[in-house]
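Residue numbers (the UniProt record's numbering): 1 to 1213.
The structure appears below as C-alpha cells.
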C-alpha cells in the first residue's frame, strides 16, 4: 500500500482509499512574524475569557418531526442565555448528578458525600445542530435515542471552535504549521491577490480572470445571489479533474444552502459526480428533509446523516422489541454504526475520489488536528486544491488563516463586508489585537464598493428587493452601486391594503403617534436583560387591524431579543401565523415580503457605529416588497440611522372614524455634527473611541419618564447607580420648575452642590434641556442660581455667630452647629425650589438645613417644600451619615425613585469597582444595597470559592481593568508616562479622553517629574486642576482628584498611587476609590508602588483577588440565576402568582431538576420541587401530570402542589 493509501478497518475492498494530497502553492508573499504574535495573543486572550462549560436550564423538551431525523430534539432554555452560531457543533449533555447541585439531589435519595465529577455518569448527550436566539431554543442531536434529553440543568461547552483555533495558534504540535500563518494572516487583512501557478479555463465565464487568483473574494451584497454563484462555480470547475474543493459555511442552515446550490448546479453540469457520491455534505447537522425535497440525497451518501437515519430506524425497532436477545443485537448494530459514522466522516474528508466536500467551518477546523491532515500540511501538502469560505464576513481573520491551511491552490472568501461581523457582542471598545484578528473578517477591509480591485469580484444585480427597497439599501451601504434586475418589479405581488398607495419605505415616526413619550423609549426586558419598547405592540395592533397585512408573509426584526420575544408572543396571541419575529443576528440570509424593523434602544450605549450600520443593513435588506421602520426622532438622529432620512417617508397611522389614514409628519430632527477628529487606524482603541463618541445618547424609558414627571412642588428623592443619568433628570426637573413658576414674580430657584467642578456640568445640562424644550430661547439665569454649599454656609453661619472657615470642609458639622443655635422654624426661606446634586456628600444636618431654607408653598402642609434630592450612597466619599428623611421634615413615601441602569462604564469596570468596594466595606447594613438586591440589579454569586456580586444594571462589555505594581514611586510614574505614550502614540487615543485621578498630595510632583517630559515630546499639556470648573482642550490631559471629578467621566481613567487612597484616621477610602474607578467609560488602569503597611496590603489583596475573578473565569459558568428563574417560571404559570412563588423560594431550597432514582431513572420532570418539614412537594405548573407519573410520585412519597396552593399545614401565603 502506498503512502497515499489509507485503511480504516479490516475490509480493504470497502474502505481503502487514496489520501488526497496536493502541493501547497498559494504564492503568498512573506509577511512580518509580528502578525502571528499579535493574532496569537488575541486568540489566547479570547480563549482564556471563554469558560470551559456553561450550565443552562431546559424548561421543556420537544421531539422534532420524524422527517427531520427523530433523534433531534428542541430544548427550550429561556431568554437569559446569550448564544450565536459558534455554538453549533458543541456538545450538550446532562450528567446523573450535577456538580454544583450534587448535594441537593443526593439528600432526596441517599446521604453519600462522594464528589462525582460531571463526566462520571451521563444521562444524555448530543451535538448542538442549530440555535434560535430569539426564541431561546437549542436543537440537539442526541448520541443515544434511548436516552432523550430531560428538563432541568445541562451543560454546554460552546467554545469548541475557539478551542481548536487556540490549538492551531498555540500548541507545540503545530509549531511547523504556525510558520505558515503570518502570510495567511496578511492575506486575510486584504489587498493580497497572487496569481495561481496555472489553471484551466473552467468555471463561469464572468469569473475566469478572478479564478486565476490564489486568494480572492466574491463580494455578494444582499439579493445578488452569492450562494447561487458559488454553487454554479463549484459545479462548473469540477470539469477540471485536478480540482478538489472544500466549501465551508457558518451554520448548518447556511451550509445546507451552499450544498444544495452546488447540487442543483451539478444536476446540469456534473451529474456523474453527483450520482457517484463525489459531492458530499458532511456533518450531523444536515437537514435530510431539505435534500430529499431537492432530490439530492446522493450528497448525503455515506455521511453522518445517512448513518443517523439508519440508527433511528434501529432505535424504533429497539423500542418495539420485547426480546432481550433481540435488543442486545440491535444495540450492537447501533454501536457499530456509530463507529462507522466516525470513520466515514474522516474518510469523506480525506478521500481523493470525493471531489467536493461541504461542511460547517467548525467541522472543517476540527480536521486540522487529524494527524494525517496535520502531517501532510507540515510536509507541504493540503487535502484540497480550493477552499471556499462562505459567509466569510462572519468568520474572523484568525479563523480564515487557519482554514486556509486546508487549501493548496486557492482560497475564496464569499460574503459581504457590509453585513454582520465576526464579533457582534455589545462591547464599548475592544483591545486592538482582538479588534484586528477576531472582530474583523477577511472582508472587513472592503469599505468602498468597486469593480476595479483585482481579485475581488462584486455581484451588482440583485433579484430580491423591489427597486424602491433596493434604492434605500443601496444608497445606505453600497454607495448606490446595486441595480435591480428588470423582472423584479414585474413579479406579481399585491401590497397589503394598509400599504396601498403609500411609499414602500416608511419611517413610522413614534413621537407623533400619540403615545406617551416614555413608552417609545427603551426599557429593560424581563430579568433586567436586553431591551424592549412598550409602544411597539400598540402600534402593531393598529397596523394589523388590516386583514391583508395579517395574511402577508412578514418578518418583525429588532436588534434585541427581549423585543423580538415580546412581539413573537403578540403574533402567537393574535394568530398571525404568516408573521415571525426575530433578532437581526438570526436573520442574515432570510427574506420576507414585508419587513417591520424596530430600532429599539438605538443610541450611543450598545453596539459601535460600524456594527450598527451592518445591523440596520441586514434588517432592511431582508425585505422583498416593503419596509416599515419604527423609530423615534432621537433614534433617527443617530449617525448610523440618519442617512435613511433621505429615502424613508415619515408617516404615522391614525384612525379617522372607522378608517385608518396615513398622515405625513415633519422630520424635525436635531442632528449635531460630532466634534474632534477621527483616528485613521480603524482597529485602534482611539478610532473605536472616536467613532463611539459620534453616537448620540437617547433617553431610556426610565430617564424619559422621570424627566417628564409632573412635579407638584413637594419633595422628591432620586437615587441611582453611578452613571444612571441623575444629573440629566435634575436638569429637566429644574427646567420644568422654571416654566411652572415662570409667571410668578421674584422666583428664586437654587441648584446646590458640594463639588465646585460640577458647576459648569450642571449649568450645561440645564441649558441643553432648556434649548431642547424651547427651541433655543435664552435660559432665564436671573431666576436660577447654581450655588456651592460653602457659599450658602458663608451667608447662614454668621446669623448664629459661627464662621464657615472654622469648619473647613466639614459642612455637616457646620450645619449641626448652626441648628444647635437656631431652630428650623426661625430660619428665613431663601428660595422657592431647591435641587441638591450628589446629596450624599452633604450629610443629614446639611440636608436638614438646606430643606429649611425652601419656602413652603402651602402653610398648612409641612411637606409642600420643593426639595429635590439626588443621592448615591456608594459615592459617599466623605463618610457622611445616611439621613432619615422624616427627621429632615420630608415625607418621601411614594416619592422616591431608584434609577436602575448605568450608561457610563462597561460591565467589567462596574463589576470590578463594586466588588472592590464591597470587600473593603461590607454592604450588609446598607439599605441602598439591600434595595439593589431586592430589585434584582445585583446578585450574590460565588466565583472561585469566594463571594462575588454580579451586576445587572450594566450589560455592555469592554476591556477588563488592569493593575500594574512597581517596587517604588520612580518606577511607577515612569511606567505611567510610557503607558500614556502608548495610548496616545500607538493607540491613537486623544489626550482629552484620558484622565488621571489621584488622592495623594505628592502625586502632582511625581507627575511633573516623570510624566510631563513624556507629554512634552508628544506636544501634550498636562493640566492639574482641582475644586474648580474644568478648563479642557483636545490636547490637554487632565489630572485631578476623585472628589473634584464626581459627576464627570472619561474614556480612559488612570489611577496613579492607588495605595494612597487612604487616610490616617479612616483607613482605606473605599468610596473615594469606587468613585474614581466608576468614572471610566472604556478603560481603567490602576498603578501602585509596593508598600508594606497594613492598609496597602489589604488593598492590593482585594484588587488582585477581584481582578482574578474578572479575568479567570470559573470552570463552569452558570447562565441561569434566581432572577432569570423567577422570570421564566412566571412566564409559564402567570405573573399573578409572583407573590406565591417568591414566598416559596424564600422559605425553601427549591430544585428545578428532574426527580431521579439512584440509578438515573427519571421519575418525573416537575417545574420545580422542594422539601418542607421532611416532606417533598412537586409543582408541574399549569400542566396536569399523567396518572402514571402521579402514581410514581406517590410511591416515592412526593406530593403534588398546584400553582397558588399553600403547603398543607403551613401559614397561608
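Where is the CB? At the ideal position from N, CA and C, for every residue including glycine.
Compare the beta carbon distance of residue i and residue j with 8 Å and say whether it is the shorter of the two.
i            : j            : result
residue 966  : residue 1090 : yes
residue 152  : residue 1152 : yes
residue 530  : residue 560  : yes
residue 653  : residue 499  : no
residue 557  : residue 493  : no
residue 865  : residue 840  : no
residue 800  : residue 818  : yes
residue 843  : residue 812  : yes
residue 256  : residue 214  : no
residue 1050 : residue 1094 : no
residue 252  : residue 473  : no
residue 245  : residue 388  : yes
residue 345  : residue 282  : yes
residue 222  : residue 586  : no
Would you report the Cα separation of residue i and residue j, rounded to the nearest angstrom?
i            : j            : result
residue 195  : residue 479  : 29 Å
residue 1054 : residue 980  : 9 Å
residue 1056 : residue 1087 : 5 Å
residue 1047 : residue 872  : 11 Å
residue 279  : residue 566  : 43 Å
residue 261  : residue 290  : 12 Å
residue 1036 : residue 1022 : 6 Å
residue 513  : residue 600  : 16 Å
residue 315  : residue 430  : 49 Å
residue 644  : residue 136  : 32 Å
residue 126  : residue 63   : 14 Å
residue 552  : residue 633  : 28 Å
residue 310  : residue 1105 : 53 Å
residue 521  : residue 563  : 12 Å
residue 771  : residue 715  : 26 Å
residue 463  : residue 321  : 54 Å
residue 216  : residue 455  : 5 Å
residue 1208 : residue 122  : 36 Å
residue 579  : residue 1024 : 60 Å
residue 182  : residue 189  : 11 Å
On a CA-only basis, which of the options is nearest residue i? Give me that one, please.
i            : options            : result
residue 39   : 292, 440, 203      : 440
residue 576  : 584, 549, 595, 593 : 549
residue 1155 : 1171, 1147, 1148   : 1171
residue 627  : 496, 188, 868, 750 : 496
residue 594  : 572, 623, 604, 581 : 623
residue 448  : 434, 481, 433      : 481
residue 72   : 54, 146, 29, 1034  : 146
residue 695  : 827, 658, 740, 610 : 610
residue 592  : 625, 1034, 603     : 625
residue 929  : 874, 894, 954      : 874
### Query
At a cut of 8 Å, does the region 649 to 667 reach the region 504 to 521 through at least three beta carbon pairs?
Because the criterion of three Cβ pairs below 8 Å is met, the region 649 to 667 and the region 504 to 521 touch.
### Task
Would you be able to state if there are at least three C-beta pairs under 8 Å between the region 1129 to 1146 and the region 1193 to 1207?
The region 1193 to 1207 is in contact with the region 1129 to 1146.
### Query
Fully enclosed by the region 1049 to 1132, which alpha helix (DSSP H) runs are 4 residues long or longer?
1070 to 1077, 1094 to 1111
### Message
For the structure I just gave you, are there three or more beta carbon pairs, one from the region 409 to 421 and one from the region 266 to 280, closer than 8 Å?
### Response
no
### Query
Is the number of C-beta pairs between the region 905 to 920 and the region 1065 to 1083 that are closer than 8 Å three or more?
Contact holds: three or more Cβ-Cβ distances are below 8 Å.
### Task
Take every Cβ of the region 704 to 721, pair it with every Cβ of the region 890 to 908, and state whether three or more of those distances are shorter than 8 Å.
yes
### Message
Pairs of beta-carbons, one from the region 933 to 945 and one from the region 968 to 983, closer than 8 Å: are there three or more?
### Response
no
#### Entry: Unbroken stretches of the beta strand (DSSP E), 3 residues or longer, contained in the region 1134 to 1177
1162 to 1164, 1168 to 1172
### Query
Of all the alpha helix (DSSP H) runs that stay within the bounds of the region 829 to 911, which reach a length of 4 or more residues?
Within the region 829 to 911, the complete alpha helix (DSSP H) runs of at least 4 residues are 844 to 852.
### Message
I want to know whether the region 1058 to 1065 touches the region 785 to 805 - three or more CB-CB distances under 8 Å.
### Response
no
### Query
Three or more beta-carbon pairs under 8 Å between the region 365 to 385 and the region 224 to 236, yes or no?
no
### Query
How do the region 679 to 689 and the region 983 to 991 stand: do at least 3 beta-carbon pairs fall below 8 Å, yes or no?
yes
### Task
Enumerate, from N- to C-terminal direction, the unbroken alpha helix (DSSP H) stretches of 4 or more residues contained entirely within the region 993 to 1053.
Fully contained in the region 993 to 1053 are the following alpha helix (DSSP H) runs of length 4 or more, in chain order: 1003 to 1006, 1012 to 1018.
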